[in-house]
Amino acid sequence: MATIEEYIPIVGQAVVDDLRLLATRLQGKSILNVNSTSVGGGVAEILTRMLPLLQEIGVSARWDVIKGGNQFFEVTKKFHNALHGRPTEITAKDFDVFIETGRANIAEMQIDADAVFIHDPQPIALIQKKKDNNWIWRCHIDVSNPNREVWDFLRGFISQYDAAIFSAPQFSQELSIRQFLISPSIDPLSDKNRELPESTIDKVLEKYGIERDKPIITQISRFDRLKDPIGVIEAYKKVKRYHDCQLILAGGGASDDPEGIQVLEEVRNRAADDKDIHILLLPHNDIEVNALQRASDIILQKSLKEGFGLTVAEALWKGKPVVASNVGGIPLQITHKYSGLLCYSVDGAAFAIKQLLNSPEYARKLGENGREHIKNNYLLTRHIRDYLLLYLSLIHQQDIVYL
10 MATIEEYIPI
20 VGQAVVDDLR
30 LLATRLQGKS
40 ILNVNSTSVG
50 GGVAEILTRM
60 LPLLQEIGVS
70 ARWDVIKGGN
80 QFFEVTKKFH
90 NALHGRPTEI
100 TAKDFDVFIE
110 TGRANIAEMQ
120 IDADAVFIHD
130 PQPIALIQKK
140 KDNNWIWRCH
150 IDVSNPNREV
160 WDFLRGFISQ
170 YDAAIFSAPQ
180 FSQELSIRQF
190 LISPSIDPLS
200 DKNRELPEST
210 IDKVLEKYGI
220 ERDKPIITQI
230 SRFDRLKDPI
240 GVIEAYKKVK
250 RYHDCQLILA
260 GGGASDDPEG
270 IQVLEEVRNR
280 AADDKDIHIL
290 LLPHNDIEVN
300 ALQRASDIIL
310 QKSLKEGFGL
320 TVAEALWKGK
330 PVVASNVGGI
340 PLQITHKYSG
350 LLCYSVDGAA
360 FAIKQLLNSP
370 EYARKLGENG
380 REHIKNNYLL
390 TRHIRDYLLL
400 YLSLIHQQDI
410 VYL
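The numbering of the sequence shown is the working numbering, which starts it at 10 and goes up by one.
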């Protein structure tokens with residue numbers, strides 16, 4: 010794990026000095042983060058990198074994970090789809106399972122921190138343990154057009170929090186509590202984002218039988234229908250008529266996502282007739298993800314819904330040209346035709362990919378602009394600063410807080 014000093018060449022001395030100053034104002038205060046999985050998914054990835062740095066600068070921060078059985082995670086996957094606006098059948102039993110699991114975690118977990126960050130809907134019922142400390146609900150998903158039944162159910166819990174955080178302005182909902190806009194981030198020094206020698210990249214490609222004899226188009230994501238892997242294959246096939254290229258669809262799973270294996274089988278079936286489509290179920294190996302992104306000529310993120318899309322930030326940080334859907338938090342990262350290309354359909358994605366394959370210099374410039382945008386806005390140090398400032402604003406109710 011990198012130390013805070015190692016970020017200075019990337020973000021500058023002043024940024025690190027600011028973090029140390031903010032940390033001194035939180036001496037004697039403790040922060041607890043709670044989510045539903047310790048492995049897999051963007052939330053776990055962010056917390057894994059954030060907590061050691063918080064602790065290094067003197068903030069008492071820890072992380073806990075709720076427990077739940079298969080039935081609970083099947084229900085929360087339904088909630089996840091419904092909150093993204095997908096047609097989903099929700100039953101009275103589903104709500105009962107959610108409440109019962111919440112009660113079990115309330116009885117079992119010890120929550121004694123001064124500030125409690127609850128991430129996403131799965132642990133939201135823990136608010137019933139609230140005493141006189143500050144509770145913040147951190148929503149990482151796109152709830153711009155949620156199923157009203159599910160949202161109204163969750164709002165009963167959300168209204169008991171002191172504040173809510175959303176990743177993009179359009180996700181904000183009408184709530185009685187304070188709302189904050191804080192986008193996620195990537196860690197430039199993590200195994201997934203640090204520079205790699207060419208020999209490491211070559212070894213990963215060799216492991217998966219991928220040659221560099223033709224352009225590589227890659228999407229890295231969970232095998233989830235909201236990531237539209239079938240649409241990715243359709244776009245690739247349209248491009249293939251004009252350019253001899255290959256496609257990598259790679260991703261792992263999360264312990265709180267029971268739908269992934271089913272989607273993976275659908276993807277394998279759709280890709281079965283093309284030897285240039287590589288379907289990779291990756292272990293939780295960040296070096297391999299890094300290598301695949303760096304080996305790629307174009308990165309695709311054709312999500313139907315997206316809370317933020319950390320894979321977009323990862324690719325842009327590596328200077329790669331990105332074609333991505335104009336949904337959720339992706340447009341915060343990509344300014345169309347400046348730091349990437351946004352699309353609305355399979356045909357649009359295919360057109361953008363062809364444009365980049367035909368114009369390598371344009372593709373290179375998009376990647377350069379994208380890297381600079383991520384450096385200035387979406388690195389871990391900015392994320393930590395936002396969290397510390399949010400907590401200070403909850404402690405101090407004045408309009409102006411003197412640090």
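Positions of the beta carbon are idealized from the N, C-alpha and C atoms, including for glycine.
Check whether residue i and residue j have beta carbons under 8 Å apart
i: residue 258; j: residue 312; result: no
i: residue 310; j: residue 333; result: yes
i: residue 305; j: residue 284; result: no
i: residue 166; j: residue 210; result: no
i: residue 108; j: residue 158; result: no
i: residue 196; j: residue 391; result: no
i: residue 336; j: residue 363; result: no
i: residue 383; j: residue 342; result: yes
i: residue 35; j: residue 397; result: yes
i: residue 186; j: residue 208; result: no
i: residue 256; j: residue 226; result: yes
i: residue 176; j: residue 77; result: no
i: residue 23; j: residue 400; result: no
i: residue 239; j: residue 275; result: yes
i: residue 150; j: residue 190; result: no
Exposure label - residue i; buried when at least 16 CB within 10 Å
i: residue 193; result: buried
i: residue 145; result: buried
i: residue 271; result: exposed
i: residue 46; result: buried
i: residue 141; result: exposed
i: residue 345; result: exposed
i: residue 203; result: exposed
i: residue 379; result: buried
i: residue 37; result: exposed
i: residue 223; result: exposed
i: residue 347; result: exposed
i: residue 128; result: buried
i: residue 119; result: exposed
Residue i, DSSP secondary structure in three states
i: residue 308; result: strand
i: residue 302; result: helix
i: residue 406; result: coil
i: residue 150; result: coil
i: residue 81; result: helix
i: residue 187; result: strand
i: residue 282; result: coil
i: residue 43; result: strand
i: residue 74; result: strand
i: residue 313; result: coil
i: residue 202; result: coil
Within-8 Å CB hit, residue i to chain C
i: residue 376; result: The structure shown contains no chain C; it is built from a single protein chain.
First and last residue of the uninterrupted beta strand (DSSP E) at residue i
i: residue 173; result: 172-175
i: residue 208; result: Premise fails: residue 208 lies in the alpha helix (DSSP H), 207-216, not in any beta strand (DSSP E).
i: residue 13; result: Segment: none, residue 13 is in no beta strand (DSSP E) and carries neither H nor E.
i: residue 235; result: It is not in any beta strand (DSSP E) - residue 235 carries neither H nor E in the DSSP assignment.
i: residue 456; result: Because the chain spans 10 through 412 in this model, residue 456 falls outside it and cannot be assessed.
i: residue 115; result: Unbroken run through residue 115 is the alpha helix (DSSP H), 101-117; no beta strand (DSSP E).
i: residue 351; result: 350-352
Residue range of the alpha helix (DSSP H) that includes residue i
i: residue 64; result: 51-65
i: residue 239; result: 238-249
i: residue 159; result: 157-167
i: residue 255; result: Not the alpha helix (DSSP H): residue 255 falls in the beta strand (DSSP E), residues 255-260.
i: residue 293; result: Careful: residue 293 lies outside any alpha helix (DSSP H) and carries neither H nor E.
i: residue 182; result: Premise fails: residue 182 is in no alpha helix (DSSP H) and is neither H nor E.
i: residue 27; result: 22-33
i: residue 331; result: Looking at the DSSP string, residue 331 is not in any alpha helix (DSSP H); the run it does join, the beta strand (DSSP E), is 331-334.
i: residue 229; result: Careful: residue 229 lies outside any alpha helix (DSSP H), inside the beta strand (DSSP E) at 225-229.
i: residue 341; result: 339-342
i: residue 93; result: Unbroken run through residue 93: none, as it is neither H nor E.
Exercise. Would you call the stretch 153-164 and the stretch 353-360 touching, i.e. three or more CB-CB distances under 8 Å?
Worked result: no
For this session: Specify whether the stretch 28-39 and the stretch 107-116 touch according to this definition: at least 3 beta carbon pairs, one from each stretch, less than 8 Å apart.
Result: no
Exercise. Taking one C-beta from the stretch 60-74 and one from the stretch 86-96 each time, how about it: are there three or more such pairs within less than 8 Å?
Worked result: no
Problem set entry | Three CB pairs or more closer than 8 Å across the stretch 289-297 and the stretch 319-326 | no
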